[in-house]
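Listed in order, the protein sequences are those of chains A and B. Letter by letter, the first sequence follows residues 7 to 444 in the working numbering. Letter by letter, the second sequence follows residues 7 to 444 in the working numbering.
There are 2 protein chains.
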Amino acid sequence: MQDKNNSDPLVVGLAGFGTVGKGFARILEENQAEIFRRAGREIRIKKVLVRDVTRARTQALPPGASFCADMDELAHDRDIDVLIELIGGIEQAERIIRQALDAGKHVVTANKALLAEQGEELFALAARKKLFLGYEASVCGGIPVVQTLRESLAANRLTSILGILNGTCNYILSAMTTRNMPFAEALKEAQDLGYAEADPGLDIDGVDSAHKLALLIRLAWGVNYPFRKLPVSGIRDITPEDIMFAREFGYNIKLLGHAYMENDRIEAGVFPTLVPNSYLLARVGHSYNAVRMEGNAVGSLFMHGLGAGELPTGSAVAADLLEIARGGKANNRGYTSGALPAADILPPETASARHYFRLTVEDKPGVMRDVASIFADNDISIHQVLQKGQSRTVPLVFMTHKAKALDIQNAAKAIAGCAFASAAPVYYRVLPPPGGTD
Amino acid sequence: MQDKNNSDPLVVGLAGFGTVGKGFARILEENQAEIFRRAGREIRIKKVLVRDVTRARTQALPPGASFCADMDELAHDRDIDVLIELIGGIEQAERIIRQALDAGKHVVTANKALLAEQGEELFALAARKKLFLGYEASVCGGIPVVQTLRESLAANRLTSILGILNGTCNYILSAMTTRNMPFAEALKEAQDLGYAEADPGLDIDGVDSAHKLALLIRLAWGVNYPFRKLPVSGIRDITPEDIMFAREFGYNIKLLGHAYMENDRIEAGVFPTLVPNSYLLARVGHSYNAVRMEGNAVGSLFMHGLGAGELPTGSAVAADLLEIARGGKANNRGYTSGALPAADILPPETASARHYFRLTVEDKPGVMRDVASIFADNDISIHQVLQKGQSRTVPLVFMTHKAKALDIQNAAKAIAGCAFASAAPVYYRVLPPPGGTD
């Protein structure tokens, strides 16, 4: 490959021909003229790896390409310069990426799970071989957040990242917010429209957001935050009632990945969060993604776009490929140093934030006194209270001042154990973040 | 310079030590550790070109640097690898950039006026010499819109760019909108706070926005749109009344640079524009900048951040410098081809858009009939009308359907000539754009 002239066509092996693979191939064909003007050379798909060649034959192939089913064939094909991995999952994806790098081929992938869970070895291998390992498509689809953190904000000390990183969750929460739908109904609609998988767990339980957050933390601070250590909670328990109460206080509920650098330690997690309506993040509707980054030089930078879908994600895959096509030096992680250090993690239970706290209690004398005592005992100071409804059990909603996560959990446990509590309390974080005005 | 090892310090000559120059130097010093980790080498300012060395001496110099006043000294200093041009203006800036490129030095500049008015020759020179000519700082300060159009969206056919490209104008319009201030008062406040120059013409008449728009058009479509041909109008004539009427129709007034690609022709300009409240662009407050790009693969992509100020702009200068420090190949314009073709420009008078139209008329019978006839004669169809007030002269506000710019101008002239018109009509464009739902 090193022998190749920079004006020779760049030859691609495409692993996976699902939504994103097809979108990418379509972009390459439809925008051929623009791509040629920018890359200065032709980009050609030679082989498409699929599980079942016979079944795949019914589908339109990229011009000049052929299907193959042998996992090892792309790495062994000497014509291929770049492997594009879009099969997903961990084991097989890891194997073909490793093979490709070993064979001296650049790699582009949209595989956030693989890079979050065991990316470091692959990045190290790519660095040793001086090869590109592009992954713009793995975080927020068409939003160039990888490029931005890696290059555009490279002279900043970053102080925070806040992101709506999962379009499925945002679609569901937006439907619940604007159309007052219960969670199950909104999920069903998202599934019917193709925004959510039949097994939606990775999305709605926050795992997909956590994968992306781990990658953003690595880019922002050049450290490894083990994905398994990220505190994560999803959106299954959010009710239209919560959304309504949040609105009365001036907030929208969003599933937010957040990471703050405080006194050289990282506080991070994925949680449903009440976002003030004055924030652009609160206005992110439908299945859009958005990321708000803050740095000591740039101030705040907010980006909003389509985080999934064949064309936006294909656009990000193609952007990485064009960088490879132009030649130049790989800057995969944004750091020239070798192995990245482990993140210095602020223990999640000591993280401090304002909280929204909803109880369902019997409407009888003494309840407020008992709840207030539990809050006081756990060092939680109350900012606002809201009580509504007239039935036997009523919702009782608190907005707290900043309180430690452990104190919030303990208070919730204590309240759940009280006779007057007719359901376990529900609590969510509230922006502004630590350091913001409170 | 070619002899230098990639781990040797990168030596900078800094031309200009005003707001941005100082901000850049401060970032280099304060974020030294982060920058070193990302660049893999030290970055050092050796000389700072100022007009008056004696006066400059009262100011803190970057560590190890010295002041100089000889324009030619930076280009002749063999130690210097990169010239950073922050003196502004056209002639002197052009001279020192040209000298630096001739001497084989990379260049980073924030000079939008120079690059918009005569950038092509400088880009051609940089291309011949295979040198970087970075200009992220020249458009929207800390928002990485140059990088995004040049690389992240490189596989797209762009369909439109809409931008709030001038923070001074946005500050003034935001103050007028949220605090009901007249223009002159808001301008005065912006000047007192340092958001506007003593001579604010470049900002409030839209010229600065037009410079930036010309650069964005070049990046988006790889063509040269002569800056002088861009239709431009500023914000001097906007009244609190206009802002109030716009709000009643559901819009905010913003100074927008826009460019649409329609049937292979570019329709572009800088105009006060009514932006629907549902758009994120309508929510851009204070002195923030924002850009909304749309491509056939990525869909819509919106970015929001600080478009001016020492640190955000310094952050963008430093990002370009880090790209140079890492080595690699320059991709200044985003196109590998040589000279870029001239833009195929849709004649501005044939551009079609919805319009807001405010007349000040005597309140007497027959006026509405006469105005309606003039609109009909000029092929303008009316969507909504609003009449308010009870004095002798009253404002009469129309929202039109899509109409050609020339027809709008002719109707305005005809109305201005009528006896019942007590002031010249005021008219502004209304989003959504051509192709949007109307």
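Don't be surprised by glycine CBs; every beta carbon is placed ideally from N, CA and C.
Please specify which runs of the beta strand (DSSP E), each continuous and at least 3 residues long, are wholly inside the segment 116–140 of chain A, giving them in chain order.
-> Annotation: the segment 116–140 of chain A contains no complete segment of the beta strand (DSSP E) (minimum length 3 residues).
Nonlocal neighbours in the same chain, by C-beta distance under 6 Å from Ile-178 of chain A, ignoring five residues either side = Sequence-distant partners of Ile-178 of chain A (beyond 5 residues in either direction) whose C-beta falls short of 6 Å from its own C-beta, in its chain, are Ala-192, Leu-193 and Ala-196.
Using a Cβ-Cβ cut-off of 6 Å (strictly less than) and excluding sequence neighbours within five positions of Asp-369 of chain B, which residues of its own chain qualify?
-> Short of 6 Å from the beta carbon of Asp-369 of chain B, and not among the five residues preceding or following it, lie these beta carbons of its own chain, in chain order: Val-400.
How big is the Cα-Cα spacing for Pro-282 of chain A and Leu-168 of chain B?
-> When the Cα atoms are used, Pro-282 of chain A and Leu-168 of chain B turn out to be separated by approximately 26 Å.
What does Thr-406 of chain A pair with, by DSSP beta-bridge criteria?
-> According to the DSSP secondary-structure assignment, Thr-406 of chain A is paired through a beta bridge with A:Ile-388.
Along chain A, which residues have their Cβ under 7 Å away from the Cβ of Thr-154 of chain B?
-> Contact of Thr-154 of chain B with chain A by beta-carbon distance below 7 Å involves Pro-150.
The beta strand (DSSP E) with Lys-52 of chain B in it runs from where to where?
-> From DSSP, the beta strand (DSSP E) with Lys-52 of chain B extends over 49–55.
Counting contacts by CB-CB distance shorter than 8 Å, is Glu-329 of chain B in contact with chain A?
-> Closer than 8 Å to some Cβ of chain A, the Cβ of Glu-329 of chain B qualifies, so yes.
Please compile the residues from chain A whose C-beta is within a distance smaller than 8 Å of the C-beta of Asn-338 of chain B.
-> The contact set of Asn-338 of chain B on chain A, defined by CB atoms closer than 8 Å, is empty, because the minimum CB distance reaches about 12 Å.
Mind listing which residues of the segment 294–319 of chain B have their C-beta closer than 8 Å to chain A's C-betas, in chain order?
-> Within the segment 294–319 of chain B, those residues whose Cβ lies closer than 8 Å to any Cβ of chain A are, in chain order, Gly-301, Asn-302, Ala-303, Val-304, Gly-305, Ser-306, Leu-307, Phe-308, Met-309, His-310, Gly-311, Leu-312, Gly-315, Leu-317 and Pro-318.
Note down, in chain order, every chain A residue with its Cβ under 8 Å from the Cβ of Ala-325 of chain B.
-> Residues of chain A passing the Cβ test: Glu-157, Ser-158, Leu-159, Ala-160 and Ala-161.
Separation of Glu-247 of chain A from Phe-426 of chain A, as counted between CA atoms = Going by the C-alpha atoms only, they are around 20 Å apart.
From A:Thr-154, A:Tyr-231 and A:Gly-27, pick the residue whose C-alpha is nearest to that of Leu-3 of chain A; which is it?
-> Since the first and last residues shown for chain A are 7 and 444, residue 3 of chain A lies out of range.
Using three-state DSSP, classify Glu-91 of chain B as helix, strand or coil.
-> Strand, per DSSP.
Which residue comes first and which comes last in the beta strand (DSSP E) that contains Ala-21 of chain B?
-> Run containing Ala-21 of chain B: 16–21, per the beta strand (DSSP E) assignment.
Taking Leu-286 of chain B as the query, report the chain A residues whose CB atoms sit under 7 Å from its CB, ordered along the chain.
-> Per Cβ cutoff of 7 Å: Leu-286, Arg-289 and His-310.
Inter-residue Cα distance where the pair is Ala-418 of chain A and Leu-392 of chain A | Taking the straight line joining both Cα atoms gives about 17 Å.
For Ile-102 of chain B, which residues of its own chain have a beta-carbon under 7 Å away from its beta-carbon, when the five flanking residues on both sides are left out?
-> Only Ala-21, Met-77, Leu-80, Ala-81, Leu-89 and Glu-91 meet the Cβ criterion.
Taking the continuous beta strand (DSSP E) assigned at Ser-215 of chain A, which residues delimit it?
-> Element bounds for Ser-215 of chain A: not the beta strand (DSSP E) but the alpha helix (DSSP H), 213–227.
Can Gly-320 of chain A and Val-26 of chain A be called in contact, C-beta distance under 8 Å?
-> Using a Cβ distance threshold of 8 Å, Gly-320 of chain A and Val-26 of chain A count as a contacting pair.
Out of curiosity, what's the CA-to-CA distance linking Pro-188 of chain B and Leu-171 of chain A?
-> Approximately 41 Å between the Cα atoms of the pair.
Give the range of the beta strand (DSSP E) segment to which Glu-300 of chain A is assigned.
-> First-last of the beta strand (DSSP E) with Glu-300 of chain A: 294–301.
Shortest alpha-carbon distance to Val-276 of chain A belongs to which of A:Leu-327, A:Leu-307 and A:His-217?
-> Nearest C-alpha to Val-276 of chain A: A:His-217.
Since Gly-335 of chain B meets chain A, which of its residues come closer than 7 Å, beta carbon to beta carbon?
-> It is Lys, not Gly, that sits at residue 335 of chain B in the sequence shown. Listed along chain A are Arg-332, Gly-333 and Gly-334, each with a C-beta nearer than 7 Å to that of Lys-335 of chain B.
Closest Cβ-Cβ distance between Thr-342 of chain B and chain A: below 8 Å?
-> Thr-342 of chain B counts as touching chain A.
Which listed residue (B:Leu-208, B:Asp-85, B:Leu-312 and B:Ala-382) has its alpha carbon closest to that of Pro-15 of chain B = Check the Cα spacing between Pro-15 of chain B and each of B:Leu-208, B:Asp-85, B:Leu-312 and B:Ala-382: the tightest is with B:Asp-85.
Rounded to a whole number of angstroms, what is the C-alpha to C-alpha distance between Arg-234 of chain A and Trp-227 of chain A?
-> One C-alpha to the other measures close to 18 Å.
Interface residues of chain B facing Ala-45 of chain A [CB-CB closer than 8 Å] = Neighbours of Ala-45 of chain A on chain B, chain order: Ala-160 and Thr-342.
Supposed close pair Leu-317 of chain B, Gly-305 of chain A - CB separation, criterion 8 Å = About 7 Å separates the two Cβ atoms, so the contact holds.
For chain B, find out if any of its Cβ atoms is closer than 8 Å to the Cβ of Asn-37 of chain A; answer yes or no.
-> Residue-level contact by beta carbon holds for Asn-37 of chain A and chain B, with a gap shorter than 8 Å.
Out of B:Gly-173, B:Val-432 and B:Glu-36, point me to the one whose CA is closest to Ala-296 of chain B's CA.
-> Of the listed residues, the one whose Cα sits closest to Ala-296 of chain B is B:Gly-173.
For Pro-347 of chain A, which residues from the same chain have a beta carbon less than 6 Å from its beta carbon, with the 5 sequence-adjacent residues on both sides left out?
-> Here the set comprises Val-229.
Examine chain B for any beta-carbon lying closer than 8 Å to the beta-carbon of Ile-41 of chain A, and answer yes or no.
-> Interface residue, yes.
Spell out whether any CB of chain A is found under 8 Å from the CB atom of Gly-19 of chain B.
-> Residue-level contact by beta carbon fails for Gly-19 of chain B and chain A, as no gap is shorter than 8 Å.
From A:Ala-303, A:Ile-49 and A:Ile-259, pick the residue whose C-alpha is nearest to that of Leu-286 of chain A; which is it?
-> Taking the Cα of Leu-286 of chain A as reference, the smallest distance to any Cα among A:Ala-303, A:Ile-49 and A:Ile-259 is reached at A:Ile-259.
Residues of chain A with a CB under 7 Å from the CB of Gly-228 of chain B: which are they?
-> Per Cβ cutoff of 7 Å: Arg-43.
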